[in-house]
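Colleague: Chains as they are written, first to last, in this note's numbering: chain A, 1047 to 1193; chain B, 145 to 213.
Have a look at this one.
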Amino acid sequence: MDERDIRLRNLTYGLFVRLGRAPTAAEVAGELGRSRVEVLEAWRRLHDAHALVLELGGDSIRMANPFSAVPTAYRVDADGRWWYANCAWDAFGICAALGADGRIECSCPDCGAPVAVQVRDERPDEDGLVFHTLVPARRWWDDIVFT
Amino acid sequence: MNLFRSGEHVDRWLGGRPSGATVPVGKLCELAFAWWSDRVEPEWRPHTREQNQAILDRLGLTGDFWRLA
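Rendered as structure tokens:
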């Protein structure tokens, strides 16, 4: 990641928050005054550096962690919008990234019961819930969608 | 990386598969704020692996499972 790619990454994230969804390459290109092809090339380098995750075709964003560009089981109401998170960790991460209180909604993977957590002042209002991850840290990026 | 109603629900969901790591939701929230808070800052800079490992270590997420490399 060089300085130009970091700048493009930061603008991509800024647009994600402003739009409430993943920006297209054309939208990022328009903001930066660069071509769509240049944006796609930079996105691919950022994907390889784990700074964002592209869809398989490589021309649209799947994850701008902690945000998901596609619907998931983890929904977060924060800063006046509903967002999708990639996982439970990222759901809290959306509140963190936005610097906002929020409400996380999902369901227990075991029993399917609805689960809702309020985050206020960086703390959850539920104590009994637990987070579980199957994948050891060194393998998180082997298959980030599964992780 | 899922959220469960309790450790019993994790065990039942695993159904005998090897467990990974289970963390109380309060600790998860601390981790999220330490890990993601700068993510949409206009001047965000990449974290090094050492910085990320230090976050895990500081929160007591230690041992081989939590080693990033």
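Glycine residues also receive a C-beta, built at the ideal position from the N, C-alpha and C atoms.
For my contact list, alanine 1133 of chain A and asparagine 196 of chain B are in at a C-beta cut-off of 8 Å; report their separation, rounded to the angstrom.
Modeller: The sequence as given places cysteine at residue 1133 of chain A; alanine does not occur at that position. 16 Å between Cβ atoms; not a contact.
Colleague: To the nearest angstrom, how far is it from the Cα of arginine 1091 of chain A to the Cα of glutamate 152 of chain B?
Modeller: Arginine 1091 of chain A and glutamate 152 of chain B: Cα-Cα distance of roughly 42 Å.
Colleague: Identify each residue in the segment 1102-1127 of chain A for which the Cβ-Cβ distance to at least one residue of chain B is less than 7 Å, and report them in chain order.
Modeller: Answer in chain order: Pro1112.
Colleague: Since cysteine 1141 of chain A is in the alpha helix (DSSP H), which residue starts that stretch and which ends it?
Modeller: Unbroken alpha helix (DSSP H) run through cysteine 1141 of chain A: 1134-1144.
Colleague: Mapping DSSP to helix, strand and coil, what is histidine 153 of chain B?
Modeller: Here histidine 153 of chain B sits in helix by DSSP.
Colleague: Counting only C-beta atoms, is threonine 1179 of chain A closer than 9 Å to chain B at any point?
Modeller: Output row for threonine 1179 of chain A: interface = yes.
Colleague: What did DSSP end up calling threonine 1058 of chain A once you bin it into helix, strand or coil?
Modeller: Threonine 1058 of chain A falls in the helix class under three-state DSSP.
Colleague: State yes or no: is the C-beta of arginine 211 of chain B within less than 9 Å of the C-beta of proline 1182 of chain A?
Modeller: The answer is yes: Cβ separation under 9 Å.
Colleague: Output, in sequence order along the chain, the residues in the segment 149-173 of chain B whose CB is closer than 7 Å to any CB in chain A.
Modeller: So the close ones are Arg149, Ser150, Gly151, His153, Val154, Arg156, Trp157, Gly164, Ala165, Thr166, Val167, Pro168, Val169, Gly170, Leu172 and Cys173.
Colleague: So, for glycine 1060 of chain A: in the same chain, excluding its five sequence neighbours on each side, which residues have a beta-carbon less than 6 Å away from its beta-carbon?
Modeller: Here the set comprises nothing.
Colleague: So, at 6 Å on beta carbons, what are the nonlocal neighbours of arginine 1080 of chain A in its own chain, with the 5 sequence-adjacent residues on each side left out?
Modeller: Within the same chain, arginine 1080 of chain A has no close Cβ partners at all.
Colleague: Apart from the five residues just before and just after aspartate 1147 of chain A, which ones in its own chain have a Cβ nearer than 8 Å to its Cβ?
Modeller: Result list for aspartate 1147 of chain A: Ala1124, Cys1141, Gln1164, Val1165, Arg1166 and Asp1167, in chain order.
Colleague: May I ask you to report which of helix, strand or coil DSSP gives alanine 176 of chain B?
Modeller: Correct three-state label for alanine 176 of chain B: helix.
Colleague: Hey, how far is the Cα of tryptophan 1129 of chain A from the Cα of glutamate 1151 of chain A?
Modeller: When rounded, the distance between both Cα atoms is 10 Å.
Colleague: Short of 8 Å in beta carbon distance, which residues of its chain neighbour valine 154 of chain B, apart from the five on each side in sequence? Order them along the chain.
Modeller: Once the five neighbours on either side are set aside, the close Cβ partners of valine 154 of chain B are Phe148, Ser163 and Thr166.
Colleague: Go ahead and pull the three-state DSSP assignment for glutamate 1101 of chain A.
Modeller: Note: glutamate 1101 of chain A maps to coil in three-state DSSP.
Colleague: Anything in the segment 1151-1179 of chain A with a Cβ closer than 8 Å to a Cβ of chain B? List those residues in chain order, please.
Modeller: Listed by position, the residues of the segment 1151-1179 of chain A near chain B (Cβ gap below 8 Å) are Cys1152, Cys1154, Pro1155, Asp1156, Cys1157, Ala1159, Val1161, Val1163, Val1165, Glu1168, Arg1169, Pro1170, Glu1172, Asp1173, Gly1174, Leu1175, Val1176, Phe1177, His1178 and Thr1179.
Colleague: From the DSSP output, read off the bridge partner residues of cysteine 1152 of chain A.
Modeller: According to DSSP, which records beta bridges pairwise, cysteine 1152 of chain A is partnered with A:Val1161.
Colleague: Please identify the residue among A:Asp1156, A:Trp1186, A:Val1161 and A:Asp1188 whose C-alpha is closest to the C-alpha of leucine 158 of chain B.
Modeller: Comparing Cα-Cα distances from leucine 158 of chain B to each of A:Asp1156, A:Trp1186, A:Val1161 and A:Asp1188, the minimum goes to A:Asp1156.
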